[in-house]
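Have a look at the structure below, then the notes.
2 protein chains.
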Amino acid sequence: MTDTPPDAPTAAILVIGNEILSGRTKDANLGWLAERLFALGIRVREARVVPDVKADVVAAVNALRTRWTYVFTTGGIGPTHDDITAECVAEAFSVPLEQNEEARRRLEAHYPPGQLNAARLRMANAPVGATLIDNPVSKAPGFRIGNVHVMAGVPSIMHAMFDGIAPTLVGGPPMHARTVRCLLPEGIIAEGLSAVQDRFPAVEIGSYPFYRNQSFGVSLVLRATDEPELEAATAAVADLVRGLGGDPVVETGQG
Amino acid sequence: MTDTPPDAPTAAILVIGNEILSGRTKDANLGWLAERLFALGIRVREARVVPDVKADVVAAVNALRTRWTYVFTTGGIGPTHDDITAECVAEAFSVPLEQNEEARRRLEAHYPPGQLNAARLRMANAPVGATLIDNPVSKAPGFRIGNVHVMAGVPSIMHAMFDGIAPTLVGGPPMHARTVRCLLPEGIIAEGLSAVQDRFPAVEIGSYPFYRNQSFGVSLVLRATDEPELEAATAAVADLVRGLGGDPVVETGQG
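If you read the protein sequences in the order shown, they are chains A and F.
Mapping the first sequence onto the numbering used here, position 255 (from 1) lands on 551, and the numbers just tick up by one.
Mapping the second sequence onto the numbering used here, position 34 (from 1) lands on 330, and the numbers just tick up by one.
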């Protein structure tokens, strides 16, 4: 994260749910959001997973919202007893939880008469001062309060919610990426790579080894907002690989 | 996490690496470790992802190791400049980083003469007082210091390292799980489910909706250490589903 300009927008992702921590559900929301935010020029600087425990959710929301530009939460906004995200976020902001009138109207319009029971009405609860996040899939909305965006945990619903709020987010200069892939082991490249990193402090260089077809190789990923600088650093890494007898393959993107 | 006995061992997982936060690499270590630890009777209570930034790694290690029984880290123990986990953990424990003699011997035995360069030798660094974690795949070891277990980020290597340390971990009473699956929407079940949860406070009940073949359904997952209590709660949930006109499918495990 060496290249993060001091004023670049940052983000944290907070995944809420016992099912992630018990291993039942393999979280895919973090990776999806990270990729989308990267493309928007917003740097994800931290992610946390917490259980459906009020004190833990409140503490995490407060730790993250005071440190980063944006916070995105997933999970815990359904109708059941273990869905406690709305009340936790209200408590984190020290505001009351209320039944949001617009959210209630949306649920009333969605459910057949008599089907909007007390449990489902809980999905209309939001902290005072929150604005709704549309849910085109199953109607029960998410909400935003301050810099915290509260979304569903079901991936398809979360994706639709994020697509709705993406245009409201202020991105920084977009991050560009190049990947130099080769079949040298990273231990051979490490010293030269460190020298390239020192020459290009505004480029973040990561080294990701892989093992494929009985061979060790490495993807050297360079990320920066300044494209000419990125190209120069990429050329230096490719030269390094060639100088060590490798055959570098350069690709646009994180590889 | 309502059922966690006060003395049950807990754990946190700390994933270290820019590549997870940029979306380049989709983390699978969290889910894998969560499942393994659950089976050992160790409750994962928190997970964090932090970038390759020293202050962030040190702060996360200290926040987690003081709160939970065990900490497991993945990532940042290779030979390149962005591999900073060992020095961060040393700093978190306020002990010097040293070249571990046994780790050096293992690397010397592994690499052909002349191949153990300065970068690779960095992989022998560990905090003073650490004990090594075997790496049967590529030799460069992880280490344990206090309650913190430092492992590789490459999944196949991490799995092998964890298999080696698993017998050294002290698990609590194993957590058992049952899943009641049905095609009712969770909003119909929520109120009755909350009443079952109140009747069985030692059973953790989670509600995980799904959308499949154009139908909404829900997996109701019950977890507890006390099997008779778990069976009673599972029967109550199945009865609830039947009473609402549903056709419950009961399975062992988290479904």
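We treat Cβ as the ideally placed atom computed from N, Cα and C, and that holds for glycine.
Below-8 Å beta-carbon distance, residue i vs any chain F residue
i	result
V340(A)	yes
R538(A)	no
H377(A)	yes
D299(A)	With a pLDDT of 45 at D299(A), under the threshold of 50, the modelled position of that residue is not reliable, and no figure is offered here.
E366(A)	The displayed chain sequence assigns Tyr, not Glu, to residue 366(A). No - not a single Cβ of chain F is within 8 Å of the one on Y366(A).
G374(A)	yes
W483(A)	The sequence given here has Gly at residue 483(A), not Trp. Chain F, which has a Cβ nearer than 8 Å to the Cβ of G483(A), makes this yes.
R344(A)	yes
S490(A)	yes
Of the residues the options, the one placed nearest residue i, counting alpha carbons only
i	options	result
L403(F)	A386(F), L317(F), N421(F) and E387(F)	N421(F)
L310(F)	V353(F), G337(F), R320(F) and N509(F)	V353(F)
S515(A)	I453(A), V446(A) and L480(A)	L480(A)
G502(F)	E525(F), R477(F), F512(F) and R508(F)	R477(F)
T369(F)	T376(F), I380(F) and P375(F)	I380(F)
S452(A)	A534(A), N431(A) and H445(A)	N431(A)
I373(A)	F334(A), A529(A), V499(A) and I312(A)	I312(A)
A343(A)	T362(A), R363(A), R332(A) and A308(A)	A308(A)
P347(F)	V346(A), V345(A), P347(A) and R341(A)	R341(A)
I338(A)	E525(A), E397(A), V466(A) and V444(A)	V466(A)
V345(A)	E331(A), K322(A) and L333(A)	K322(A)
T362(A)	G425(A), N443(A), H472(A) and E394(A)	N443(A)
R332(A)	F458(A), G371(A) and L417(A)	F458(A)
Through-space distance from residue j to residue i, alpha-carbon basis
i	j	result
V433(F)	T365(F)	28 Å
R401(A)	V349(A)	29 Å
R508(A)	L540(F)	52 Å
T376(A)	V450(A)	14 Å
L518(A)	E523(F)	52 Å
Y504(A)	V545(F)	44 Å
G488(F)	A405(A)	24 Å
T298(A)	E482(F)	Confidence at T298(A) is low in this model, with a pLDDT of 46, below 50, so its placement is unreliable and the value that follows should be read with caution. C-alpha separation (whole angstroms): 45 Å.
F512(F)	I484(F)	11 Å
R538(A)	P470(A)	29 Å
Endpoints, the beta strand (DSSP E) within which residue i is located
i	result
A422(A)	N421 to P423
V367(F)	Y366 to T370
R440(A)	G438 to I441
Below-8 Å beta-carbon distance, residue i vs any chain A residue
i	result
D601(F)	There is no way to answer for residue 601(F), as the model of chain F reaches only from 297 to 551.
G502(F)	yes
Q395(F)	no
R416(F)	yes
E487(F)	yes
V315(F)	Before going further, note that residue 315(F) is Glu rather than Val in the sequence given. Yes, contact with chain A.
P347(F)	yes
Range covered by the alpha helix (DSSP H) that runs through residue i
i	result
F389(A)	F389(A) -> no alpha helix (DSSP H), and no H or E assigned at all.
M447(A)	M447(A) -> not in any alpha helix (DSSP H); beta strand (DSSP E) instead, spanning V444 to M447.
I316(A)	N314 to L317
T530(F)	E523 to G539
Heavy atom of the ligand SAM within 7 Å of residue i beta-carbon
i	result
D459(F)	Inclusion of the ligand SAM in the displayed structure is not the case, the ligand content being empty and no account of it being possible.
Segment contact, 8 Å Cβ cut-off, at least three pairs: the stretch 484-500 of chain A with the stretch 462-470 of chain A: no
Contact residues within the stretch 317-336 of chain A, judged by C-beta distance below 9 Å to chain C: Here the protein chains are A and F, and chain C is not one of them.
Segment contact, 8 Å Cβ cut-off, at least three pairs: the stretch 353-363 of chain F with the stretch 373-387 of chain F: yes
Touch test, the stretch 312-323 of chain F against the stretch 322-332 of chain A, Cβ-Cβ under 8 Å, three pairs minimum: yes
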